[in-house]
Structure formats: C-alpha cells, structure tokens
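Chains as they are written, first to last, in full-length UniProt numbering: chain A, 1 to 207; chain B, 1 to 207; chain C, 1 to 207. Think of the CB as a built atom: it goes at the ideal place given N, C-alpha and C, for glycine as much as any other residue.
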C-alpha cells in the first residue's frame, strides 16, 4: 500500500467512527449504523470523483468497504471506550476533514485543475460526507449549525498547500502540514470560541 | 421489450405511485406531484448509473418518462381506489425496493463489480429514490424514520442473489426469488413488528 | 465571450445574490455566505452536466468562480441597497430560473436529447441550485413551500422554446422569449396569487 492510500484509509476510519457516533445517538440498528458510517466516509470522495470525472474510488478498491465494515463493528463493540474520549465526535470529524481536504486538493491537482478549483474540490471532499451524515441523522448540518469555523478551516488548509508547494519541500511534508493546519485551525477556533463575524441585514432583527 | 426492461418499468410504476401518494398528502398541485413521482422513480437509478459510469437510463429511453407521466395521471384520477388498498404507500414502496434492488445488483454485475459492491449498488438503487421523495416532501426518510427493516431487506435480497448464482438456476428465477426475499422480509418485519435491536450509548438517555 | 456564456454568467450572478440574501438571513459568516452563493449558482448546472455526461462547466472555466467571488463580495458590501428592492430574493431567484431553464434546454439539445428530456433537464438546472440553497439554509425548499408556480413556470418556458423552434426565428430570440416566459409566468402567478388546484385524498383532512 502506498502512502497515499494509507492517508485515505485513515480518513475513512475517522469518518466511519464519526458516523457510528452520530447514528448511535439516534438509536439506530446495526445496519442503519453501517449505512451512516458508509455514507459519511465515502460521500465526500464520491462527489469529488464524480465532479472530476474519475471512477469512484470505493467501487474500484474493496479496501474501503472492508475498512468501513471492520471500523463499524469495532466502534459498535467498543462504543463505551469511545465515549471516554470527550468530544469524540468532534475529534474524529476534525481529523477526517483534515485528511480529506488534502486528498481532495491532490486529486484535483492530478487532474490538472487550477489551484482555486482544487481548493474547492478539497473543501467539498471534506465537508460533503459530514453534511450527508447530518442530513440522514436529521441534524442540522455541523457545517451550518454552530457557526463554527469548519469549511473555512478546509479552505485555509487548501491555501496552505499551494503556498507550501512554492517551497522545496517533500510532498509528504506539504501534505502533513496542510492537513495539520485544518485540524489545528478548527480545534483552536472551537477551544477559544473564535468565530468570524456574521453578516446580516440590520432590519432582519425586527421582522 | 425484453424481460429486463419490463421489470424496470414495473419498478418505475410502483415508485411513481408511491411518489403520488406521498405528495398528495402534502396537497401539492399536479405538477408538484409529477415532479415527486419522477424523482422517486428515477432517483435510485440515476445515482446507480452515475456511480457505475453508465449513461443515465431514463435520459436514453423515453419509455421511462412516458410510463411516469401515464402512471401519475392514472394515480391522480383513481386516487380514491388506491386508498382502498390499506397501507398502499407501504405496498408500492416495498414492491419498488424489491425490484430495484435486483436491478441494481445486475447492473453492478454487468459492469464487473465484485459481489459486495453490487449489493451496495442494489441497496442504494432501491433506497435513494424514496429518500429523495421523503426529503422533498419534508418527511423524515422512511429509511430512518420507523426503525423498520428497510435497507436491511435490500441487503438480504442482494446476498440471496449471490447465493442463488452458485446454483444452476435460470437468471429469471434468481431475479424473482431475490426480489421476493426483499418484499417478504420487509412485509413480515412490518407485520410482526420485528426490529433489530438498536445500539446506543447508555448515558445518552440522560443527556 | 460569446452570447451563450454571457447569459450563463447573468444566471450565476442572479443565483449568487439569491444565495447571499438567503444566507444573510441565517446570520452566517462571510465564508458560509460564499459557500451558499457558490452552491446556489453552480448546483443546477453541475447536476445538468453530470446527468448529460459533460465535463462540469464551472470546473473548466474559472470565469464562474471569479464571478461568484466578486458578486458575493459586492452583495455583502451593498447589502443595504439590495434590500431596498422589495422582494429582492424573489426577483433574483426568478431571473435565475428563467435563464437557467433555457440554458439547460439548450445543453440538452446540444447533446441530442429529445424535447421532453431537454425540458426535464432545463427544469432541473433551474430548480436544483435553489433547492440546495434552501436545504443548506434549513428552509423548506421554495419549490415546495409556497405552492407557488415555480417548476411549472420552468416547464412552460421549456415548452415555449420547442414551439418557437418551429418558427423561423433567430436563436437569440427563441432564447429570450422562452426565458421571459418563465419570469413572467412566475411573476404574474405570485402577483395575482394564482395557484394550481392541489390534489389530495379527501379523508386526509380528518386523519
């Protein structure tokens, strides 16, 4: 297995666990949980591959499906351990968007799209699985719920990637730093409760 | 018309009627009803064809659009008859997922995907149209609402298909038995109120 | 830039502004607003291109992304001016569906689909971005909310297009009249509160 696939699989594991945690809150049965874990982990990459015009990754490589199955079974069995990690949904979701952002950017680059499109692809790859998870679990999507810095962190990670590309760094280093930027920016923003100012029409206050 | 297309058309009819019944509950106008019937019947197949990389079936063969139009008009005119059938939405939705599961599995096979991917494709083909119908009608998707055995029935039908393939049966027989498994499993589960146990974190009870 | 791209860009501008107006109501931050503006303006065309099997337009031509960025920044800065236009969301949404309906019909024709499929493509191109916008902003989709004439106006515009094609008119004239039909039909319907009669099962009144 190459470095690239390893990272992809780590993202699949992180998002599968986030899917299991979300669906257990809704008291789903094991098959329902499996479906949510599956959709959460492959949703973003599926959108990415369809938009670019690539064959859909999880359909061509059974590793994805096996990893999702095993992760889901483990996450269900060890669910009480998972919950000892405070904010575990936050943790796995954040690692997931960090990894998927950079994978999306690199897939866009490999199809020779310009940087701004690659950043858009990376952001969508990262956010779409979680949006599907939240819609299917009847939650307001995380992306829009908390006014957290979420997609913004992905965009910053994508921008970091293209800045680092200008320096003479190994591709693993560029990948790792950009993914870490997403994770750190989102974590710091949540920890220090940093939000961007919201924009609205003043008369909306008195409708 | 070949056997294959006939089955596909039966699925389109079943899902169109389920779309008409759902949208009439929301007191939509005839064009709104037509759109819901259309989305419900072609949604799953569209997702399937896009994932596999096939041309989208309903765009290449006008039979689909004509069948949806005629079914919708008939279902609207004879809506009072439809309602005499108790649980008619359940009936048509269940026949629809039975037929679409096996069609999805076979399309996956024809593109030479391995069995587990074919079962995933079949389950998605069966469930996606109904999920769209429920989202557009502002219902919690059936798939997640009632904790019924729903996607699980589709997966069992898909597994049956690959078990039967090992025996020396005609393709029509394999198709028919697998589709029947989906319909019977879901019907029995609803009739006897059988559910799989739900999995949750115990402290979620006292949030 | 050719006539065709100009019209497409006008549609992008109209839908971007409608996305900005919707998301400002939800007090999103600037990046959230940008994402909603982006999804609203490219959603319909993305679905259209994927269904037809074309490369996705906004990924191949940076003009789209630049126009969305600039429009969003302008719309945020001049948001107080926008609100002086009464019903400005209605206005921009209506212009958007008018333009996108005809663009969708023409893209369908260029791929040699029959008229009824082209009308379906046009209607989807027009409606899908707004449906995504409303789902992401947690509104009941406009398409289904008000029982307004909405998708119906798009279908009438598409039908007009194919009637006009039979006469010896310039393609610009066919385009302009068909788009105007969508805008005028929807505007008149809202102004005079015209609705199509809804269809329902009488016993649904007493559930």
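Do residue 47 of chain C and residue 124 of chain C come within 9 Å of each other at the CB atom, strictly closer than that value? Your numbering for residue 124 of chain C matches position 124 in the third chain. Your numbering for residue 47 of chain C matches position 47 in the third chain. Going by C-beta atoms, residue 124 of chain C is nearer than 9 Å to residue 47 of chain C.
Residue 184 of chain C versus residue 45 of chain B: straight-line alpha-carbon distance, rounded: Here residue 184 of chain C is taken as the residue at index 184 of the third chain, counted from 1. Here residue 45 of chain B is taken as the residue at index 45 of the second chain, counted from 1. Going from the Cα of residue 184 of chain C to the Cα of residue 45 of chain B covers about 35 Å.
Bounding residues of the alpha helix (DSSP H) (the contiguous stretch that carries residue 137 of chain C): Along the third chain, read from residue 1 onward, the residue named residue 137 of chain C stands at position 137. Run containing residue 137 of chain C: none; DSSP gives neither H nor E here.
If we count the other Cβ atoms within 10 Å of its Cβ and call it buried at 16 or more, is residue 172 of chain C buried or exposed? Residue numbering aside, residue 172 of chain C sits at position 172 when the third chain is read from its first letter. Exposed is the call here.
Taking C-alpha atoms, which residue in A:194, A:2, A:199 and A:6 lies nearest to residue 99 of chain A? Translated into positions along the first chain, residue 99 of chain A becomes position 99. Selected option, being the one with the closest Cα: A:6.
With a cut-off of 8 Å, do at least 3 Cβ pairs link the segment 57-65 of chain B to the segment 98-118 of chain C? yes
CB-CB under 6 Å to residue 58 of chain B, same chain, minus the five flanking residues each way: which ones, in chain order? On the second chain, residue 58 of chain B is found 58 positions in, with the first residue counted as 1. Correct list, in chain order: 42 and 64.
Would you mind stating whether residue 71 of chain B and residue 20 of chain B have Cβ atoms separated by less than 9 Å? For the purposes of this step, residue 71 of chain B is taken as the residue at position 71 of the second chain. For the purposes of this step, residue 20 of chain B is taken as the residue at position 20 of the second chain. In this structure, residue 20 of chain B lies closer than 9 Å to residue 71 of chain B by Cβ.
Listed by chain order, chain B residues near residue 113 of chain C by CB distance under 8 Å: By 1-based counting over the third chain, the position of residue 113 of chain C is 113. Within chain B, 59 have C-beta atoms less than 8 Å from the C-beta of residue 113 of chain C, given in sequence order.
Going by other Cβ atoms of all chains shown within 10 Å of its Cβ, with 16 needed for buried, is residue 112 of chain B buried or exposed? Locating residue 112 of chain B in the second chain gives position 112, counting from the first residue. By the neighbour-count rule (16 or more Cβ atoms within 10 Å), residue 112 of chain B is not buried but exposed.
For residue 146 of chain A and residue 198 of chain A, I'd like the C-alpha separation in whole angstroms. Your numbering for residue 146 of chain A matches position 146 in the first chain. Your numbering for residue 198 of chain A matches position 198 in the first chain. With a pLDDT of only 49 at residue 146 of chain A, under the threshold of 50, the placement of this residue in the model should not be trusted; the figure read from the coordinates follows. Straight-line measurement puts the Cα of residue 198 of chain A at about 12 Å from the Cα of residue 146 of chain A.
Mind checking residue 60 of chain C: buried by the 16 CB within 10 Å criterion, or exposed? In the third chain, residue 60 of chain C corresponds to position 60, counting from 1. Answer is exposed; the Cβ neighbour count stays below 16.
May I ask you to list, following chain order, the residues of the segment 179-193 of chain A that have a beta carbon less than 9 Å from some beta carbon of chain C? none
Ignore the nearest five residues each way along the sequence and tell me which others in residue 88 of chain C's own chain have a CB closer than 7 Å to its CB. Here residue 88 of chain C refers to the residue found at position 88 when the third chain is read from its first residue. These residues qualify, in order along the chain: 21 and 82.
Best match in A:128, A:132, A:133 and A:189 for proximity to residue 156 of chain A [C-alpha to C-alpha]: In the first chain, the residue the question calls residue 156 of chain A occupies position 156. Of the candidates A:128, A:132, A:133 and A:189, the one whose C-alpha sits nearest the C-alpha of residue 156 of chain A is A:189.
With 16 other Cβ atoms within 10 Å as the buried cut-off, status of residue 3 of chain A: Taking the first residue of the first chain as 1, we reach residue 3 of chain A at position 3. By the neighbour-count rule (16 or more Cβ atoms within 10 Å), residue 3 of chain A is not buried but exposed.
Around the C-beta of residue 77 of chain C, are 16 or more other C-beta atoms found within 10 angstroms, so that it is buried, or is it exposed? Translated into the one-based positions of the third chain, residue 77 of chain C becomes position 77. With fewer than 16 other Cβ atoms within 10 Å, it is exposed.
How about residue 124 of chain C: is its C-beta nearer than 9 Å to some C-beta of chain A? Sequence index remark: in the third chain, residue 124 of chain C carries index 124 (1-based). No, residue 124 of chain C does not count as interfacial toward chain A.
Against residue 41 of chain B, what residues of chain A qualify as contacts under a CB-to-CB distance less than 7 Å, listed in chain order? Taking the first residue of the second chain as position 1, residue 41 of chain B is located at position 41. Neighbours of residue 41 of chain B on chain A: none; closest Cβ ~21 Å, over 7 Å.
Below 8 Å on the Cβ atoms is my contact criterion, and I expect residue 126 of chain A with residue 104 of chain A to pass it. Report the Cβ-Cβ distance as a whole number of Å. Your numbering for residue 126 of chain A matches position 126 in the first chain. Your numbering for residue 104 of chain A matches position 104 in the first chain. That pair is a contact at about 6 Å.
For residue 179 of chain B and residue 193 of chain B, the rounded distance between their alpha carbons: In the second chain, residue 193 of chain B corresponds to position 193, counting from 1. In the second chain, residue 179 of chain B corresponds to position 179, counting from 1. Their Cα atoms are separated by approximately 21 Å.
DSSP state of residue 106 of chain A, grouped into three classes? Position 106 of the first chain, counting from 1, holds the residue named residue 106 of chain A. The answer is helix: DSSP assigns residue 106 of chain A an H, G or I state.
Got a sec: is the Cβ-Cβ distance from residue 152 of chain C to anything in chain B below 9 Å? Here the question's residue 152 of chain C lines up with position 152 in the third chain. Yes, residue 152 of chain C counts as interfacial toward chain B.
Taking 6 Å as the limit between beta carbons, can you name the residues of its chain near residue 175 of chain B, skipping five residues before and five after? Within the second chain, the letter at position 175 stands for residue 175 of chain B. For residue 175 of chain B, where only same-chain residues beyond five positions count, the Cβ hits under 6 Å are 102.
Given a cut-off of 9 Å on the beta-carbon distance, is the pair residue 151 of chain C and residue 32 of chain B in contact? Within the third chain, numbered from 1, the residue matching residue 151 of chain C stands at position 151. Within the second chain, numbered from 1, the residue matching residue 32 of chain B stands at position 32. Closer than 9 Å, so yes.
Name the residue from A:167, A:13 and A:121 whose alpha carbon lies nearest to the alpha carbon of residue 54 of chain A. Position 54 of the first chain holds residue 54 of chain A. Of the listed residues, the one whose Cα sits closest to residue 54 of chain A is A:121.
Going straight from the alpha carbon of residue 28 of chain B to that of residue 159 of chain C, what length do you get? Mapped onto the second chain, residue 28 of chain B falls at position 28. Mapped onto the third chain, residue 159 of chain C falls at position 159. Between residue 28 of chain B and residue 159 of chain C, the alpha-carbon positions lie close to 22 Å from each other.
Beta-carbon separation of residue 164 of chain C and residue 40 of chain C under 9 Å? Taking the third chain and counting its residues from 1, the one referred to as residue 164 of chain C is at position 164. Taking the third chain and counting its residues from 1, the one referred to as residue 40 of chain C is at position 40. Contact: no.
Please list, in chain order, the chain C residues whose beta carbon lies closer than 8 Å to that of residue 81 of chain B. Taking the first residue of the second chain as 1, we reach residue 81 of chain B at position 81. By Cβ distance, chain C contributes nothing, its closest Cβ being about 11 Å from residue 81 of chain B, past 8 Å.
Taking only beta-carbon positions, decide if residue 209 of chain B is within less than 9 Å of chain C. There is no way to answer for residue 209 of chain B, as the model of chain B reaches only from 1 to 207.
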